[in-house]
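Throughout the sequence shown, residue numbering follows the working numbering, covering 410 to 805 in sequence.
Report on the following structure.
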Amino acid sequence: MENINNDPQTQLVLLNSLLKGQVESLLTRTDTLMQRNNVLENYVSLLTEFINNQLGIKPPVIPIAFPNRQPEILIIYSQKDDGHWLERLKTHLDSLNPKAQMRYWDDEKPKLIQNWRGTLALDLKSADAIILLSSHSLMSSELMKPTDDTTTDTLPDFLNEARGKGIQTLTVLLDPVVLEDEGLNETYLVKLTAKPPKPLNKFRTKNEREAEGERIFAETARLSQQLITTGKLPEQPPAKPAKSSSLTQATRTSIFISYSHADKLWRERIEMFLKHLSLEKEVEWWSDEKIDAGDLWRDEIKQALAKTRVAIMLVSQEFLISKFINQVELPDLLNAVKSEGVALKYFLISPCTVKLTILSEYQRVNDKHLIDMNESEWRQSFNALVDELRAIFGVL
410 MENINNDPQT
420 QLVLLNSLLK
430 GQVESLLTRT
440 DTLMQRNNVL
450 ENYVSLLTEF
460 INNQLGIKPP
470 VIPIAFPNRQ
480 PEILIIYSQK
490 DDGHWLERLK
500 THLDSLNPKA
510 QMRYWDDEKP
520 KLIQNWRGTL
530 ALDLKSADAI
540 ILLSSHSLMS
550 SELMKPTDDT
560 TTDTLPDFLN
570 EARGKGIQTL
580 TVLLDPVVLE
590 DEGLNETYLV
600 KLTAKPPKPL
610 NKFRTKNERE
620 AEGERIFAET
630 ARLSQQLITT
640 GKLPEQPPAK
650 PAKSSSLTQA
660 TRTSIFISYS
670 HADKLWRERI
680 EMFLKHLSLE
690 KEVEWWSDEK
700 IDAGDLWRDE
710 IKQALAKTRV
720 AIMLVSQEFL
730 ISKFINQVEL
740 PDLLNAVKSE
750 GVALKYFLIS
760 PCTVKLTILS
770 EYQRVNDKHL
780 IDMNESEWRQ
790 SFNALVDELR
800 AIFGVL
């Protein structure tokens with residue numbers, strides 16, 4: 410500073426020229442709007458301090474060439490999940506952030522991109538906000554698997570690295586995922602109250618799911634806009650979703666298959682896929698096929714229902730008109746789904762009157778009836794189910 414002309418105005422012009430060149434160079438190398446805002450704030454702060462302390466005059470407005478760049482929101486999701494949720498999220502983001510550029514990462518990209526980890530890292534680096542639609546399907550995908558036991562290159566690793574650079578992740582719970590178990594406890598859990606949020610797919614009726622989804626996605630869009638403009642989120646620690654009680658975890662350890670004997674073929678086909686799950690972990694499944702002659706079959710079924718953690722229903726017209734299913738299996742299973750967090754997965758085998766029953770309030774697994782699928786399609790559907798079950802039972 411000793412070499413700068415003593416004339417205050419000359420000092421200001423020279424300092425502004427020096428800082429402005431440095432700032433514009435920094436702006437071209439930063440990735441997010443939040444980082445650019447920080448550079449700009451530091452620039453203005455330095456000039457203001459110099460003017461106030463050295464010159465004793467009111468700071469003038471100093472223009473700066475700010476490079477044009479649209480904010481970016483990166484959405485991470487699973488293609489196996491209900492696409493309706495993604496569409497509702499996009500609608501809310503468009504209404505609140507019309508200029509934001511949305512980019513997408515799904516669980517199929519690792520199959521399509523050879524160096525998907527490097528590509529994901531670059532996309533995260535350029536994002537201003539990240540939104541994670543957390544589900545069982547996503548948690549069991551390739552994105553969550555490290556290259557080997559010595560590497561830290563999973564999706565949670567990349568998100569934590571992004572957080573260290575000031576890029577936050579907003580997490581929306583579609584399924585009851587325990588974030589700390591998945592390494593995602595540092596992400597910001599979107600919720601409407603101080604209590605842990607109820608996963609969207611766990612609401613009993615379609616109307617309840619839709620109403621809660623609208624509220625959650627509106628809040629997600631609001632928070633993403635806040636991230637883009639300020640780089641900050643409310644001073645509220647992310648809540649951890651409530652874990653199932655230890656009693657439920659300890660006693661509910663099996664899969665219950667509910668079906669009509671007229672649909673025995675489909676039970677056998679789905680069991681063929683469940684056998685692979687039992688090879689990876691001691692997960693049992695139960696159907697009335699396991700009742701031996703002479704057993705007290707009603708007691709056997711009641712005991713099996715009490716141990717059920719996942720209920721698989723193969724629904725057809727024969728299933729719906731079964732008195733035993735309606736009077737014994739269905740009430741106990743649906744009560745466990747509602748009160749104890751048992752997961753319900755039901756397939757429609759063929760056209761039937763399911764819309765007239767309480768099952769219409771729950772989300773089915775398949776849009777296309779099983780009997781209308783070719784062999785490749787129903788095998789893919791059952792394989793996707795196993796992926797979800799692996800996540801539920803904690804199979805790595």
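Note that CB positions come from ideal geometry on N, CA and C, so glycine has one too.
Given the structure is predicted, the values throughout are model-derived calculations rather than measurements.
Just verifying my parser: in three-state terms, what is the DSSP assignment at Leu683?
The residue labelled residue 683 in the question sits at position 274 within the sequence shown. In the structure shown, Leu683 sits in a helix (DSSP, three-state: H, G or I).
Short check: CB of Ser633 to CB of Asn506, under 8 Å?
Reading the sequence shown from its first residue, position 224 is the one you call residue 633. Reading the sequence shown from its first residue, position 97 is the one you call residue 506. In this structure, Asn506 lies closer than 8 Å to Ser633 by Cβ.
Excluding five sequence neighbours on each side, which residues of the same chain lie with their C-beta closer than 7 Å to the C-beta of Asp781?
Numbered from its first residue, the sequence shown carries residue 781 at position 372. Closer than 7 Å at the Cβ level, and outside the excluded window around Asp781, lies no residue.
Does the beta-carbon distance from Ile730 to Trp675 come in below 8 Å?
One-based indexing of the sequence shown puts residue 730 at position 321. One-based indexing of the sequence shown puts residue 675 at position 266. With respect to the 8 Å criterion, Ile730 and Trp675 are not classified as neighbours on the basis of their beta carbons.
Member of Gly527, Glu481, Ser790 whose CA lies at the smallest distance from the CA of Met681:
The count along the sequence shown starts at 1 and reaches residue 681 at position 272. When each option's Cα is compared against that of Met681, the closest is Ser790.
Which of the three DSSP states is assigned to Ser790 in this structure?
In the sequence shown, counting from the first residue as 1, residue 790 sits at position 381. Ser790: helix per DSSP, three-state reduction.
DSSP-derived helix/strand/coil call for Pro647:
Numbered from its first residue, the sequence shown carries residue 647 at position 238. Interpretation of Pro647 is limited by its pLDDT of 44, a score under 50 that renders its predicted location unreliable; no figure is taken from the coordinates.
Between which residues of its own chain and Ser769 is the CB-CB distance below 7 Å, once the five residues before and five after are set aside?
Position 360 of the sequence shown, counted from the first residue, corresponds to residue 769. Excluding positions up to five away in sequence, the list reads Val763.
Thinking C-alpha only, which one of Asp490, Ala630, Thr766 is nearest Leu547?
By one-based count along the sequence shown, residue 547 stands at place 138. Out of Asp490, Ala630, Thr766, Asp490 has the C-alpha closest to the C-alpha of Leu547.
Can you list, in chain order, the residues of its chain with a C-beta nearer than 8 Å to that of Asp515? Leave out the 5 residues immediately preceding and following it.
Numbered from 1 along the sequence shown, position 106 holds the residue referred to as residue 515. Cβ within range, chain order: Ile485, Tyr486, Ser487, Gln488.
In three-state DSSP terms, what is Glu693?
Taking the first residue of the sequence shown as 1, we reach residue 693 at position 284. Reduced to three states, the DSSP call for Glu693 is strand.
According to DSSP, is Ile576 helix, strand or coil?
The residue given as residue 576 occupies position 167 in the sequence shown. Coil, per DSSP.
From Met722 to Val581, what does the alpha carbon distance come to, in whole angstroms?
Here residue 722 refers to the residue found at position 313 of the sequence shown. Here residue 581 refers to the residue found at position 172 of the sequence shown. For Met722 and Val581, the distance between alpha carbons rounds to 27 Å.
Give the single residue among Val751, Ser535, Ser549 whose Cα lies nearest to the Cα of Tyr513.
On the sequence shown, position 104 is the one that residue 513 refers to. Looking at the Cα atoms, Ser535 is the closest of the given residues.
With Asp837 as the anchor, note down where its alpha helix (DSSP H) starts and where it stops.
What is shown of the chain runs 410 to 805, which leaves residue 837 out entirely.
Please name the residue, chosen from Thr614, Asn616, Glu595, Ile625, that lies closest to Pro606 on a Cα-to-Cα basis.
Here residue 606 is taken as the residue at index 197 of the sequence shown, counted from 1. Closest option to Pro606, Cα to Cα, is Ile625.
So, with DSSP's three-state summary, where would you put Lys754?
Translated into positions along the sequence shown, residue 754 becomes position 345. DSSP places Lys754 in strand when its eight states are reduced to three.
With a threshold of 16 other CB atoms inside 10 Å of the CB of Pro650, please say whether the residue is buried or exposed.
Position 241 of the sequence shown, counted from the start, is the residue given in the question as residue 650. Residue placement at Pro650 is flagged as unreliable, the pLDDT there being 45, under the threshold of 50; a coordinate-derived value is accordingly withheld.
Can you give me the Cβ contacts of Leu579 inside the same chain, cut-off strictly under 6 Å, excluding the 5 residues immediately before and after it?
Residue mapping note: residue 579 aligns to position 170 of the sequence shown, counting from 1. Once the five neighbours on either side are set aside, the close Cβ partners of Leu579 are Ile540, Tyr597, Val599, Thr629, Leu632.
Taking Ala538 and Leu609 to be in contact with their CB atoms under 8 Å, please state how far apart those CB atoms are, rounded to whole angstroms.
Locating residue 538 in the sequence shown gives position 129, where the first residue counts as 1. Locating residue 609 in the sequence shown gives position 200, where the first residue counts as 1. About 20 Å separates the two Cβ atoms, so there is no contact after all.
Are Leu531 and Gln577 close, meaning C-beta to C-beta below 8 Å?
As a working note, residue 531 is residue 122 in the sequence shown. As a working note, residue 577 is residue 168 in the sequence shown. Their beta carbons are not under 8 Å apart, which means Leu531 does not touch Gln577 by this criterion.
For Lys554, does the count of other Cβ atoms within 10 angstroms reach 16, so buried, or fall short, so exposed?
For the purposes of this step, residue 554 is identified with residue 145 of the sequence shown, where counting begins at 1. Around the CB of Lys554, fewer than 16 other CB atoms lie within 10 Å, so the residue is classed as exposed.
On the premise that Glu797 lies in contact with Ser549, defined as a C-beta separation below 8 Å, what is that separation, rounded to the nearest angstrom?
Within the sequence shown, residue 549 is the residue found at index 140, counting from 1. Within the sequence shown, residue 797 is the residue found at index 388, counting from 1. Right, their Cβ atoms sit about 7 Å apart.
So Arg718 is in the beta strand (DSSP E); what residue range does that whole segment cover?
Translated into the one-based positions of the sequence shown, residue 718 becomes position 309. Taken as a continuous stretch (DSSP letters only), the beta strand (DSSP E) holding Arg718 covers 717–724.
May I ask which residues mark the beginning and end of the beta strand (DSSP E) holding Met511?
As a position in the sequence shown, residue 511 is number 102, starting the count at 1. Its beta strand (DSSP E) spans residues 510–515.
Would Ser667 and Ile734 qualify as a contact pair, given that the criterion is a beta-carbon distance under 8 Å?
Counting from 1 along the sequence shown, the entry for residue 667 is found at position 258. Counting from 1 along the sequence shown, the entry for residue 734 is found at position 325. Taking 8 Å as the Cβ cut-off, Ser667 and Ile734 qualify as a contacting pair.
Which of helix, strand or coil DSSP assigns to Ser546:
The residue labelled residue 546 in the question sits at position 137 within the sequence shown. Three-state result, Ser546: helix.
Residue from Arg526, Phe728, Trp494, Lys711 with nearest C-alpha to Leu568
Position 159 of the sequence shown, counted from the start, is the residue given in the question as residue 568. Selected option, being the one with the closest Cα: Arg526.
Taking Ser633 as part of the alpha helix (DSSP H), name the residues at either end of that continuous run.
The residue given as residue 633 occupies position 224 in the sequence shown. Start and end: 615–639.
For Leu742, which residues in the same chain have their Cβ closer than 6 Å to its Cβ, ignoring the five residues on either side in sequence?
As a working note, residue 742 is residue 333 in the sequence shown. So the list reads Ala720, once near-sequence residues are dropped.
According to DSSP, residues forming a beta bridge with Glu481
Taking the sequence shown and counting its residues from 1, one reaches residue 481 at position 72. Glu481 is bridged to Gln510.
Cβ shell of Thr563 (< 8 Å), same chain only, five flanking positions each side left out:
Your numbering for residue 563 matches position 154 in the sequence shown. Taken in chain order, the residues that qualify are Leu552, Met553, Lys554, Pro555, Gly592.
Cβ separation of Ala800 and His545, assumed to be a contact under 8 Å, to the nearest whole Å
Taking the sequence shown and counting its residues from 1, one reaches residue 800 at position 391. Taking the sequence shown and counting its residues from 1, one reaches residue 545 at position 136. About 4 Å separates the two Cβ atoms, so the contact holds.
Indicate the three-state DSSP secondary structure (helix, strand or coil) for Ile540 in the structure shown.
For the purposes of this step, residue 540 is taken as residue 131 along the sequence shown, with counting starting at 1. Here Ile540 sits in strand by DSSP.
Does the Cβ-Cβ distance between Ser663 and Thr614 come in under 8 Å?
Working through the sequence shown from its first residue, we reach residue 663 at position 254. Working through the sequence shown from its first residue, we reach residue 614 at position 205. In this structure, Thr614 does not lie closer than 8 Å to Ser663 by Cβ.
Based on Cα-Cα distance, which residue from Leu542, Leu601, Asp557, Ala627 lies nearest to Pro585?
The residue given as residue 585 occupies position 176 in the sequence shown. The shortest C-alpha separation from Pro585 is found at Leu542.
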